[in-house]
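Position one of the sequence shown corresponds to residue 7 (the numbering used here), numbered consecutively onward.
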Amino acid sequence: MTQLRVVLVKPSKYAVDGSVERFKKGFLPNATLYHIASLTPARIGDVPVTVHTVDEYVWTDLDYLRWLHHDPDAITLVALVGVQSHQFHRALDLAAYARHHGVRHCVIGGPHAMTCDTSLLQGRGVSFALAEAELIWQQILDDALAGELQPLYGRNQRWAEKLPGTVINPPSTAELARYTAPMLGLYPVRGCPYQCNFCSVIKISGRQVRSPDIESTLESLRRAKRGGVETIIFVSDNFNKFPSVRELLRAMIDERFGLPFFCQCDTQIARDPELVELLGRAGCCEMYVGAESFNRKTLKAAGKHHNHPEQYVEIIRLCRQATIRPHFGNIIGFPNDDEEEIRHHLDVLKELRPTVASFFILTPIPGTEQYDDFRKAGLITERNLDRFDATCPTWSHPILSAKRLEDLLYQCYVSYYGFLLKSGGLSIKEQQQAIYHRYTAAQRTHPMAGGVDRLRLDTAADYAALRRAVYDIDLVPLPDSLSLSGRDEALNRRIDWRVQRPVEHATS
Ligand code: SF4
Numbered sequence: 007m008t009q010l011r012v013v014l015v016k017p018s019k020y021a022v023d024g025s026v027e028r029f030k031k032g033f034l035p036n037a038t039l040y041h042i043a044s045l046t047p048a049r050i051g052d053v054p055v056t057v058h059t060v061d062e063y064v065w066t067d068l069d070y071l072r073w074l075h076h077d078p079d080a081i082t083l084v085a086l087v088g089v090q091s092h093q094f095h096r097a098l099d100l101a102a103y104a105r106h107h108g109v110r111h112c113v114i115g116g117p118h119a120m121t122c123d124t125s126l127l128q129g130r131g132v133s134f135a136l137a138e139a140e141l142i143w144q145q146i147l148d149d150a151l152a153g154e155l156q157p158l159y160g161r162n163q164r165w166a167e168k169l170p171g172t173v174i175n176p177p178s179t180a181e182l183a184r185y186t187a188p189m190l191g192l193y194p195v196r197g198c199p200y201q202c203n204f205c206s207v208i209k210i211s212g213r214q215v216r217s218p219d220i221e222s223t224l225e226s227l228r229r230a231k232r233g234g235v236e237t238i239i240f241v242s243d244n245f246n247k248f249p250s251v252r253e254l255l256r257a258m259i260d261e262r263f264g265l266p267f268f269c270q271c272d273t274q275i276a277r278d279p280e281l282v283e284l285l286g287r288a289g290c291c292e293m294y295v296g297a298e299s300f301n302r303k304t305l306k307a308a309g310k311h312h313n314h315p316e317q318y319v320e321i322i323r324l325c326r327q328a329t330i331r332p333h334f335g336n337i338i339g340f341p342n343d344d345e346e347e348i349r350h351h352l353d354v355l356k357e358l359r360p361t362v363a364s365f366f367i368l369t370p371i372p373g374t375e376q377y378d379d380f381r382k383a384g385l386i387t388e389r390n391l392d393r394f395d396a397t398c399p400t401w402s403h404p405i406l407s408a409k410r411l412e413d414l415l416y417q418c419y420v421s422y423y424g425f426l427l428k429s430g431g432l433s434i435k436e437q438q439q440a441i442y443h444r445y446t447a448a449q450r451t452h453p454m455a456g457g458v459d460r461l462r463l464d465t466a467a468d469y470a471a472l473r474r475a476v477y478d479i480d481l482v483p484l485p486d487s488l489s490l491s492g493r494d495e496a497l498n499r500r501i502d503w504r505v506q507r508p509v510e511h512a513t514s
């Protein structure tokens, strides 16, 4: 009897020096990888299905490449999952590598294929997945088994109207050991009702907030705990917009999971002290909030109308009260930013003093509204998709040069964490974190790059000839964004603000 061998790979990216970015220890297992592994049945009819999972960022050797070779005893499907624009070249190269080594079924999915036009690359032996896995994954598996993949999956519908409950099986002990701590990422909710023009989340997951039943999340937590996971990352973007969040947190408290977790909330959390208190009781140890800017005009111009900088201090206060580390995300290089504005931003941040701060360069991510606007205005200067990772300058800023923007990015880290270390009051763990951020940024490496101790094993040059042979390109030209189908537009229009803005409704 034959078997179906599914190789799921989260591709890394090519760093500026051309090497494949890899770390001796990663920060967090990729959530999509284990989500899709958990969506894969153990059998299809009589055929057993085996799954290999590879997070390229944390493989310290190239042994896994053998899984991308034809196996005479099995039908092999290679799926490059969760591929963002800056990982797209790497995904194409791995698919070309697998094809070259006799694998007939290769598919690339994730944010880039969902939101960007890939027509130039279609019909060359690699398929593209344009929709959420829940809508198309079973079809892809069935087609691989039947002998042929379709060139495209999910062209007419990007998002499932309802998300089925999927229980996530945690990574094995050996896989967990590749990370600095045993963690697992879970998506209990998808989508965001807002419309920030730089945001890819609303293009990837839509504006309708959708979630499976909470029992599947609870069962995922139970399995995670049994499997040795010690920290959970709820990777959903706006955990506070999740209609069942209170129900989930109360169940977590009742079951005494004792699993610390990270979550992300929007700034409207400032108006929901009861939820912050509940988060703290359920084990939330860190809350990421996209503060982005302290300039209300800048925020409004970016479509982030719900961010009111005068409320940020309340977020810090509520988090501290609930023993949650506040983590502020900051964007530098908005069109109106100059050096003085960025210095002022740092001064305000130091007054607020969140325990963790991350900095990114404003990046027109392919598929977003901002990308379309900047491209139309001829502002995008970078031609290599590998650089669209929010750490590199990619467009012509009206005031700041590319070099200055990059310098400022690292200076923000060095200055902020130097300040935190000098002003004291940090726990040992927080001090270590601050030292790591400051040291890494001083080496001009982004602290959020994905892991510690970089390794250089292979480079883009090793795959250049294959890329040219299979796709007839050296670099993928900057793509057009894909527009939404009528069905997806209709789902976006069905936002229920009563559910998704409960606090504002309660107080207005
Ligand atoms: S609030 Fe966050 S997730 Fe929502 S659109 Fe804005 S940036 Fe995106």
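The beta-carbon is built from N, C-alpha and C at its ideal position, and this holds for glycine as well.
Quantities reported herein were computed from a predicted structural model and do not represent experimental measurements.
Rounded C-alpha distance that separates residue i from residue j
| i | j | result |
| --- | --- | --- |
| V458 | K31 | 6 Å |
| S429 | G289 | 27 Å |
| E253 | D486 | 41 Å |
| I337 | A150 | 42 Å |
| G24 | L127 | 22 Å |
| Q156 | A119 | 15 Å |
| S433 | T374 | 39 Å |
| S250 | D260 | 15 Å |
| N203 | I386 | 16 Å |
| R410 | R196 | 36 Å |
| V241 | I81 | 33 Å |
| R105 | G131 | 8 Å |
| Q144 | R349 | 51 Å |
| Q449 | L414 | 13 Å |
| P508 | R389 | Its pLDDT being 44, under 50, P508 is placed unreliably in this model, and the coordinates cannot settle the point. |
Bounding residues of the beta strand (DSSP E) (the contiguous stretch that carries residue i)
| i | result |
| --- | --- |
| R460 | 457 to 461 |
| V84 | 81 to 86 |
| A307 | Careful: A307 lies outside any beta strand (DSSP E), inside the alpha helix (DSSP H) at 302 to 307. |
| C418 | Where C418 is concerned, there is no enclosing beta strand (DSSP E), although the alpha helix (DSSP H) it sits in stretches over 408 to 429. |
| R11 | 10 to 16 |
| K356 | First-last for K356: 345 to 358, but that is the alpha helix (DSSP H), not the beta strand (DSSP E). |
| A187 | Segment: none, A187 is in no beta strand (DSSP E) and carries neither H nor E. |
| R28 | 28 to 32 |
| V53 | 53 to 61 |
| V295 | 290 to 298 |
| R331 | 331 to 338 |
Cut-off 6 Å between Cβ atoms - residues of its own chain near residue i, not counting five sequence neighbours on either side
| i | result |
| --- | --- |
| G171 | P218, D219, S222 |
| L426 | A440 |
| Q93 | P17, K19 |
| P54 | Q9 |
| D344 | I405 |
| T38 | V87, G88 |
| N313 | T273, L305 |
| E292 | F268, R331, H333 |
| T329 | G286 |
Any non-hydrogen atom of the ligand SF4 closer than 7 Å to residue i Cβ
| i | result |
| --- | --- |
| V207 | yes |
| D243 | yes |
| Y318 | no |
| Y200 | yes |
| G212 | no |
| D459 | no |
| G296 | yes |
| K306 | no |
| D494 | no |
| K310 | yes |
| D272 | yes |
Span of the alpha helix (DSSP H), counted from its first residue to its last, around residue i
| i | result |
| --- | --- |
| M120 | 117 to 121 |
| R252 | 251 to 261 |
| I208 | 207 to 210 |
| C325 | 318 to 327 |
| N498 | 492 to 499 |
| R229 | 220 to 232 |
| R105 | 94 to 106 |
| Q145 | 139 to 152 |
| H111 | Careful: H111 lies outside any alpha helix (DSSP H), inside the beta strand (DSSP E) at 111 to 114. |
| T446 | 434 to 448 |
Cβ neighbours of residue i in the same chain (closer than 7 Å, five flanking residues each side left out)
| i | result |
| --- | --- |
| F360 | Before going further, note that residue 360 is Pro rather than Phe in the sequence given. Here the set comprises I322, P332, H333, F334. |
| G160 | A135, L136, A137, L141, I142 |
| R474 | D480 |
| Q163 | A137, L141, S491, R493, D494 |
| Y63 | S18, E27, R28, F29, G32, G456, G457 |
| A21 | E27 |
Same chain, Cβ closer than 8 Å to residue i, neighbours up to 5 away in sequence not counted
| i | result |
| --- | --- |
| R444 | Y419, V420, Y423, G424, L427 |
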